[in-house]
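**Q**
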Amino acid sequence: GFYFLESSHLKITPFSKDTSSDHFGEHTFTITLLGGKTIMFASTILVEIQSWMDAIETNKIIYMSRRLEDNEASSIQLAHRVEQQDVALHSLEMLLQESKASISDLQLLCEDLKSQLASVNSHVKDLKLLLKENESERLMLLKSRGVVPKVLPLWALSENPREGVVEIIDKVKIWTGTWNLGSKEPFTGMDKNRAQRLLQPFVPVGYDIYVLGVQDCLSESVFECLEGLLQAEGCRRMNIDLDSSIATEGNRHANGNHTSSATTSAGISVDASKILGRTDGSLLSSKFTGIAVFVRSSLLGDVRTLATTNYAFATSQSKGAVAVALSVLGRTVVFVNSHWDSKHTEKKRDHFQLLTSALGSQLGETGFLLNEQFHHIVWMGDLNYRLVDTSGNPMPVESVVKMLEDKRLCRTLFESHDQLLQERRSQAVFYGFREPV
Numbered sequence: 001g002f003y004f005l006e007s008s009h010l011k012i013t014p015f016s017k018d019t020s021s022d023h024f025g026e027h028t029f030t031i032t033l034l035g036g037k038t039i040m041f042a043s044t045i046l047v048e049i050q051s052w053m054d055a056i057e058t059n060k061i062i063y064m065s066r067r068l069e070d071n072e073a074s075s076i077q078l079a080h081r082v083e084q085q086d087v088a089l090h091s092l093e094m095l096l097q098e099s100k101a102s103i104s105d106l107q108l109l110c111e112d113l114k115s116q117l118a119s120v121n122s123h124v125k126d127l128k129l130l131l132k133e134n135e136s137e138r139l140m141l142l143k144s145r146g147v148v149p150k151v152l153p154l155w156a157l158s159e160n161p162r163e164g165v166v167e168i169i170d171k172v173k174i175w176t177g178t179w180n181l182g183s184k185e186p187f188t189g190m191d192k193n194r195a196q197r198l199l200q201p202f203v204p205v206g207y208d209i210y211v212l213g214v215q216d217c218l219s220e221s222v223f224e225c226l227e228g229l230l231q232a233e234g235c236r237r238m239n240i241d242l243d244s245s246i247a248t249e250g251n252r253h254a255n256g257n258h259t260s261s262a263t264t265s266a267g268i269s270v271d272a273s274k275i276l277g278r279t280d281g282s283l284l285s286s287k288f289t290g291i292a293v294f295v296r297s298s299l300l301g302d303v304r305t306l307a308t309t310n311y312a313f314a315t316s317q318s319k320g321a322v323a324v325a326l327s328v329l330g331r332t333v334v335f336v337n338s339h340w341d342s343k344h345t346e347k348k349r350d351h352f353q354l355l356t357s358a359l360g361s362q363l364g365e366t367g368f369l370l371n372e373q374f375h376h377i378v379w380m381g382d383l384n385y386r387l388v389d390t391s392g393n394p395m396p397v398e399s400v401v402k403m404l405e406d407k408r409l410c411r412t413l414f415e416s417h418d419q420l421l422q423e424r425r426s427q428a429v430f431y432g433f434r435e436p437v
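Position 129 of the sequence shown, counted from 1, bears residue number 129 in my numbering, the numbering being contiguous throughout.
Below is the structure:
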C-alpha cells in the first residue's frame, strides 16, 4: 500500500549498535514515500532485508512502466492534435489565398466601374453641351408654332443646392394630407386655440414641409388654422399663387411672378391654387378644391415655387385638380390634389389620363406628360374609389364594418375589394406610383 518516490535509492547499511536502538536488527535500509515521509526497514536477517528491497524495486519498475505507457498514449494524442492543427492551418492558408484573389478581382471590378462612371459622366457632360447648343433652335421652333415655351431657371433641375447655401441638408421630411370638408365649416364658433387643438392629432410635428389638399372647402379657415398651428413649429406658409391672370376652363395655367389676386366678373377671387364651383350642395356660396404649402423657416431659401396651376373638369364645378411644382434643394417635386367623379370608374380613368397630360404641359413643357419631367410626384385627394364586391358594386356598410372589426379579414378587405388597388393592378391608373401603407 506504499507509493515510493522514483528517485529513492535503496542501500543496506550495517546497524550501529547503541543503547538507544537495542530493538533494531543488525541490517537496515530507508526509503522515502510520496509526501516526504521516510521509513526504515531493519532485520537481523540479511536475506529478509534483501527480499524487501527486491519487492520495492519491482514495484517501482511496474509503476514506471505504467507511467511510460501513459506518456506514450499522451504523446500519440498530442501528435494527432498537432496533425489536426496542421490541416486546419492549411485550410486557413488556402482560404487566405482565395480571399486575396477575391479582393484582387473586386479591385479590378472597382477600377472598371470607375472607368465606366467616368465615361458616363463625360457622356452626360457632352449631352448637356449639346442641349445648350440646341436650346436657341428649340425656342425658335416652339415660337414658330405659336407655343410659348416655359423657361425654368437653371437651378430648378440642378442636382445641387442653389448658390450661397452654406449648410448642406441630407434629408427633408415632407408631410402631405388631404381633407374633404363636405361643404362645411369645421371651426364655426370656435376660437383659434381650440381649432388648432382639434387639428393637432391630424398634423404630426417634426416635418420640414407640410402640404395640405382640401376638397369641397368653403373658406381659407382650415389653411389659416393650420398656419397658426405650424408657426409654433417654425413653419411659414408659402405664396404659391404666381399667376394673377384669368384662364379659361380646362386650361388655367400659372406662370409668372405676379403676387396680386385676380377677380372674375362676379367678384369671385381666382388664383391658380384653387378651383372654384357652386354645385353639389353649395349653391349659395362657392366652394373650392385647393392646396397650401408650409415650409420650415430655415428652408425657405432652398424651396422655390416653379409653377402653380389648376384644371377643372367642367365649368362652375370644383372637381378637377390643383398642382404646384417646387424646387426643394435642387430637386423638383410636384404635389397634385384632385377631386374625381364619384360614380363612374371609366371617368376616373379619363381623369387620370387627362390630368397627367394637361398638368404636364401646364407645369412643364408642352407635349410632355407630368411623370416625364420631374424628379418626384406626390398625388393626393378625394379620388372617390369604393370598396366593391366581386360584381363591382359597392359593398354594404354593414359588411365593411364587420370585416374591419375582424383583424383577420381587415387585410383581405382592402386586397380583394379596394377599387383603387384593382385599377392600379390593371395599370388603368397610377402606373409607376407607390401607395404608402
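Note that beta-carbon positions come from the ideal geometry of N, C-alpha and C, so glycine has one too.
Can you list, in chain order, the residues of its chain with a C-beta nearer than 6 Å to that of Leu370? Leave out the 5 residues immediately preceding and following it.
**A** As a first step, residue 370 is located in the sequence shown; it is residue number 370 there, counting from the start. Correct list, in chain order: Thr356, Leu359, Gly360.
**Q** Under the rule that 16 or more other beta-carbon atoms within 10 Å means buried, what is Ser261, buried or exposed?
**A** Translated into positions along the sequence shown, residue 261 becomes position 261. Confidence at Ser261 is low in this model, with a pLDDT of 37, below 50, so the placement of that residue should be treated as unreliable; the coordinate-derived value is given next. Under this definition Ser261 is an exposed residue.
**Q** Mind listing, in chain order, the continuous beta strand (DSSP E) runs of no fewer than 3 residues lying wholly within the stretch 206-245?
**A** 209-217, 235-237
**Q** Verify the CB distance criterion: does Ser416 have a CB-CB separation below 8 Å to chain C?
**A** Absent from the structure is chain C; it holds one protein chain and no more.
**Q** What first and last residue would you give for the beta strand (DSSP E) that runs through Leu276?
**A** Here residue 276 refers to the residue found at position 276 of the sequence shown. It spans 274-277 - the beta strand (DSSP E) in which Leu276 sits, taken as one unbroken run.
**Q** Looking at the strands, I want to know which residues DSSP matches up with Thr176.
**A** Position 176 of the sequence shown, counted from the first residue, corresponds to residue 176. Beta-bridge pairing links Thr176 to Val211.
**Q** Could you say which of Arg67, Gly228, Lys287 lies nearest to Arg194 if we only look at CA atoms?
**A** The residue labelled residue 194 in the question sits at position 194 within the sequence shown. Minimum Cα distance to Arg194 is reached at Gly228.
**Q** Any chance you could list the beta strand (DSSP E) runs of at least 3 consecutive residues sitting entirely within the stretch 296-365, in chain order?
**A** 303-312, 320-328, 331-339
**Q** From the DSSP output, read off the bridge partner residues of Asp382.
**A** Reading the sequence shown from its first residue, position 382 is the one you call residue 382. The partner list for Asp382 (beta bridge, DSSP) reads His339.
**Q** With His376 and Val333 assumed to form a contact (beta carbons below 8 Å), what rounded beta-carbon distance in angstroms separates them?
**A** Here the question's residue 376 lines up with position 376 in the sequence shown. Here the question's residue 333 lines up with position 333 in the sequence shown. Indeed they touch by this definition, with Cβ atoms about 5 Å apart.
**Q** Please say whether Glu365 and Gln373 have beta carbons closer to each other than 8 Å?
**A** For the purposes of this step, residue 373 is identified with residue 373 of the sequence shown, where counting begins at 1. For the purposes of this step, residue 365 is identified with residue 365 of the sequence shown, where counting begins at 1. In contact: Gln373 and Glu365 (Cβ atoms closer than 8 Å).
**Q** Are the beta-carbon atoms belonging to Asn337 and Gly381 less than 8 Å from one another?
**A** Here residue 337 refers to the residue found at position 337 of the sequence shown. Here residue 381 refers to the residue found at position 381 of the sequence shown. In contact: Asn337 and Gly381 (Cβ atoms closer than 8 Å).
**Q** Can you find the residues in the same chain that come closer than 6 Å, C-beta to C-beta, to Val120, ignoring five residues on each side of it along the sequence?
**A** As a first step, residue 120 must be located in the sequence shown, where it is residue number 120. Contacts found: none.
**Q** Helix, strand or coil for Gly267, going by three-state DSSP, please let me know.
**A** Position 267 of the sequence shown, counted from the first residue, corresponds to residue 267. Low local confidence applies: a pLDDT of 33 at Gly267 is under 50, so the model's placement there is unreliable, with the coordinate-based value given in what follows. In the structure shown, Gly267 sits in coil (DSSP, three-state: anything other than H, G, I, E or B).
**Q** Is Ser122 helix, strand or coil when you go by DSSP?
**A** Residue 122 sits at position 122 when you count from the first residue of the sequence shown. It is helical.
**Q** Keeping to the same chain, check which residues put their C-beta closer than 6 Å to that of Gln215; ignore five residues upstream and five downstream.
**A** Against the sequence shown, residue 215 aligns to sequence position 215. Here the set comprises Asn180, Thr289, His339, Asp382.
**Q** Applying the criterion that 16 or more other CB atoms from any shown protein chain within 10 Å of the CB defines a buried residue, is Glu135 buried or exposed?
**A** Mapped onto the sequence shown, residue 135 falls at position 135. Counting Cβ neighbours within 10 Å, Glu135 comes out exposed, since fewer than 16 surround it.
**Q** Find the nearest neighbour of Phe335 within the set Val205, Phe294, Asp302, judged by alpha-carbon distance.
**A** The residue you call residue 335 lines up with position 335 of the sequence shown. The residue with the shortest Cα to Cα distance from Phe335 is Phe294.
**Q** So the alpha helix (DSSP H) Ala195 belongs to, where does it begin and stop?
**A** Residue mapping note: residue 195 aligns to position 195 of the sequence shown, counting from 1. Note, Ala195: alpha helix (DSSP H), 192-199.
**Q** What are the start and end residues of the beta strand (DSSP E) that includes Ser43?
**A** Here the question's residue 43 lines up with position 43 in the sequence shown. First-last of the beta strand (DSSP E) with Ser43: 38-43.
**Q** How is the alpha helix (DSSP H) around Gln422 delimited, first residue to last?
**A** In the sequence shown, the residue the question calls residue 422 occupies position 422. 419-425 is the span of the alpha helix (DSSP H), which, as asked, contains Gln422.
**Q** Count the other C-beta atoms from every protein chain shown that fall within 10 angstroms of the C-beta of Cys225, then say buried if there are 16 or more, exposed otherwise.
**A** Here residue 225 corresponds to residue number 225 of the sequence shown, with the count starting at 1. Of the residues assessed, Cys225 falls on the buried side of the cut-off, its CB having 16 or more other CB atoms within 10 angstroms.
**Q** Report the three-state DSSP secondary structure of Lys114 (helix, strand or coil).
**A** In the sequence shown, the residue the question calls residue 114 occupies position 114. DSSP places Lys114 in helix when its eight states are reduced to three.
**Q** Could you check the C-alpha separation between Ser426 and Ser286 for me, to the nearest Å?
**A** Translated into positions along the sequence shown, residue 426 becomes position 426. Translated into positions along the sequence shown, residue 286 becomes position 286. Rounded to the nearest angstrom, the two C-alpha atoms are 37 Å apart.
**Q** If you count every other CB in all the chains shown that lies within 10 Å of the CB of Lys37, and 16 or more means buried, which is it?
**A** Counting from one through the sequence shown, the residue named residue 37 turns up at place 37. Flag for Lys37 reads exposed.
**Q** What three-state label does DSSP hand Ala55 in the structure shown?
**A** Along the sequence shown, one-based indexing puts residue 55 at 55. Assigned with DSSP and collapsed to three states, Ala55 falls in helix.
**Q** Consult DSSP for Leu387 and reduce its assignment to one of helix, strand or coil.
**A** The residue labelled residue 387 in the question sits at position 387 within the sequence shown. Correct three-state label for Leu387: strand.
**Q** What does a CB cutoff of less than 7 Å around Ser99 pick up in its chain, not counting 5 residues either side in sequence?
**A** As a working mapping, residue 99 is identified with position 99 in the sequence shown. For Ser99, where only same-chain residues beyond five positions count, there are no Cβ hits under 7 Å.
**Q** Rounded to whole angstroms, what's the CA-CA distance from Ile31 to Ser74? Just pull it up for me.
**A** In the sequence shown, counting from the first residue as 1, residue 31 sits at position 31. In the sequence shown, counting from the first residue as 1, residue 74 sits at position 74. Whole-angstrom Cα-Cα distance: 30 Å.
**Q** By the 10 Å Cβ neighbour count, where 16 or more other Cβ atoms means buried, how is Val211 classified, buried or exposed?
**A** If you number the sequence shown from 1, residue 211 lands on position 211. Counting C-beta atoms within 10 angstroms of its own C-beta, Val211 has 16 or more neighbours from the protein chains shown and is therefore classed as buried.
**Q** Nearest by alpha-carbon distance to Asp208: which of Gly182, Met238, Leu218 is it?
**A** For this step, residue 208 is matched to residue 208 along the sequence shown. Among Gly182, Met238, Leu218, the Cα nearest to that of Asp208 is on Met238.
**Q** Taking only the alpha-carbon atoms, compute the straight-line gap between Lys347 and Leu421 and give it to the nearest angstrom.
**A** Locating residue 347 in the sequence shown gives position 347, where the first residue counts as 1. Locating residue 421 in the sequence shown gives position 421, where the first residue counts as 1. One alpha carbon belongs to Lys347, the other to Leu421, and they sit about 16 Å apart.
**Q** Under three-state DSSP, which class holds His90?
**A** The residue labelled residue 90 in the question sits at position 90 within the sequence shown. Reduced to three states, the DSSP call for His90 is helix.
**Q** Provide the residue span of the alpha helix (DSSP H) that contains Leu404, from first to last.
**A** Numbered from its first residue, the sequence shown carries residue 404 at position 404. Per DSSP, Leu404 belongs to the alpha helix (DSSP H) from 397-405.
**Q** Give the straight-line distance between the Cα atoms of Ile76 and Ala42, rounded to the nearest whole angstrom.
**A** Taking the first residue of the sequence shown as position 1, residue 76 is located at position 76. Taking the first residue of the sequence shown as position 1, residue 42 is located at position 42. Between Ile76 and Ala42, the C-alpha separation is close to 45 Å.
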